[in-house]
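Structure first, commentary second.
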Amino acid sequence: MAQNNDGTNGTILSNKSAPNSVDFASLTSENESLLNVLVGCAMMALSSFCLAANLLVVKTIVMDKNLRRQNSYKFMSALCLVDCSQSVVHFITGFFTIDQSNFDQLLSKALGVIATPSYVFYAIVTIVLAIHRLTVISSSVYLEELLFSPIGLWFLLPALVSLSFALALSSPWAAIVYWPDQFSWAYDDSRPLSHWVQYVEEIIELGGIPLAGLIYAAIFFTILYKFLLLKRINGLLLRQTGTVAEVKVLIQAFVITIYCTVLNYFWHNSEWLLPNTKMANCALNFMWIANGAVNPIIYFAVNAAIRQRISASFGVSSPANTPQMFPHISTTVLPPQHRLSVPFPMQNNFLSTTNLPRRASRN
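By the count of my numbering, the sequence shown reaches residue 363 at its end, each step adding exactly one.
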């Protein structure tokens, strides 16, 4: 992710008019230095929180054999690891902000090689995860096993696209660096390929996240159909664990998709949607940093498996002291004459901790 900037003789300059400096005109040099320190420290604090939260989720999944065998949790781990890499980059740019320097040109370029390809990987995996969830909710577990058993293939495309961005940005013909005096990232348009790299990135990010949103819309209507189907069973099946789990998946997907869509549209269209000020750039940069906290917070809020295991790692047991995934949910037993005639909604394995058939493992 980056905003568009021009460069001359290696110095990165904005291709837009200079940010409105009226809101900073009254600041003395000491006040500006204090602002740089406050913003830099805030960047490091927020990125540290994001890093710790994602590492905690990854550790929880890796340490639990039931979770790490499920494809959904493998995708979750991948997203968290990508967020970790971006959090490390943002933490370092906090020092850049305080010192108002990039320290070393190679270090600055290396951070750009990590930051943008990581977010591109994140955007594509979000689409893959949406496809996986639609498969799980709308079909049988056997189809999910068939399509996603070669899990490594589903990571191959995002990895190749991300690698292409990394190679392009590590070349002398394209670059993206952090701009300390504007609290923001910028492409160096003095390099011939920077514009094309940014253009392809924009297509992936602006097109990919809404595509995931369309897939989640299909998931929503699938869940709605199944809910209405249950309502027509005349109360024989009052509450069903799988349906509740699917709603939780939808909540998580909705929050992540909306946040990423807003972030991407504002980032790539800031010159049309936001005032051309230093603080607007700063706010967008903090939105990108905070993006690393969205996944772990949502996982903890709606995913009982993650929540229970994280609580257990801190020595906090569940109130009911029971290993049940949803202890508050009950099911009504169907009479024998209905057991073969009523189509049961599929149990969603995204939030289940039951042992699944072994499959080829990757990540």
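We treat Cβ as the ideally placed atom computed from N, Cα and C, and that holds for glycine.
Computed from a prediction, not measured in an experiment: that's the story for all the values here.
Residue i - partner residues in DSSP beta bridges
{"i": "residue 185", "result": "178"}
{"i": "residue 257", "result": "In the DSSP output, where bridge partners are listed per residue, residue 257 has none listed."}
Residue i - containing alpha helix (DSSP H), residue span
{"i": "residue 60", "result": "29-63"}
{"i": "residue 83", "result": "71-99"}
{"i": "residue 368", "result": "Absent from the model: residue 368. The displayed extent of the chain is 1 to 363, so no value can be given."}
For residue j and residue i, believed in contact at Cβ under 8 Å, the rounded distance
{"i": "residue 178", "j": "residue 96", "result": "5 Å"}
{"i": "residue 36", "j": "residue 84", "result": "Residue 36 to residue 84, Cβ: 26 Å. No contact."}
{"i": "residue 61", "j": "residue 73", "result": "5 Å"}
{"i": "residue 286", "j": "residue 274", "result": "Going by Cβ atoms, the distance from residue 286 to residue 274 rounds to 13 Å, so no, they are not a contact pair."}
{"i": "residue 197", "j": "residue 255", "result": "The Cβ separation is near 29 Å, so there is no contact."}
{"i": "residue 124", "j": "residue 161", "result": "6 Å"}
{"i": "residue 78", "j": "residue 165", "result": "Actually they do not touch by this definition, with Cβ atoms about 17 Å apart."}
{"i": "residue 158", "j": "residue 200", "result": "That belief does not hold up - the Cβ atoms of residue 158 and residue 200 are roughly 14 Å apart, past 8 Å."}
{"i": "residue 111", "j": "residue 82", "result": "With 8 Å as the limit, residue 111 and residue 82 do not qualify as a contact, their Cβ atoms being about 15 Å apart."}
{"i": "residue 277", "j": "residue 212", "result": "Between residue 212 and residue 277 the Cβ distance is about 31 Å, and since that is not below 8 Å, they are no contact."}
{"i": "residue 282", "j": "residue 183", "result": "4 Å"}
CB contact check: residue i to chain D, cutoff 8 Å
{"i": "residue 224", "result": "No chain D is present in this structure, which holds just one protein chain."}
Exercise. Mind the definition here: the region 98-105 touches the region 49-68 only if three or more C-beta pairs lie below 8 Å; say whether that holds.
Key: no
Quiz item: Taking the runs of the alpha helix (DSSP H) that are 4 residues or longer, which of them lie wholly in the region 107-185?
Solution: 141-148 and 151-170
Quiz item: When the Cβ atoms of the region 145-158 are set against those of the region 108-119, are three or more pairs found closer than 8 Å?
Solution: no
Quiz prompt | Given 8 Å, three or more beta-carbon pairs between the region 204-216 and the region 302-314 | solution = no
Quiz item: Are three or more beta carbon pairs between the region 182-199 and the region 129-137 nearer than 8 Å?
Solution: no
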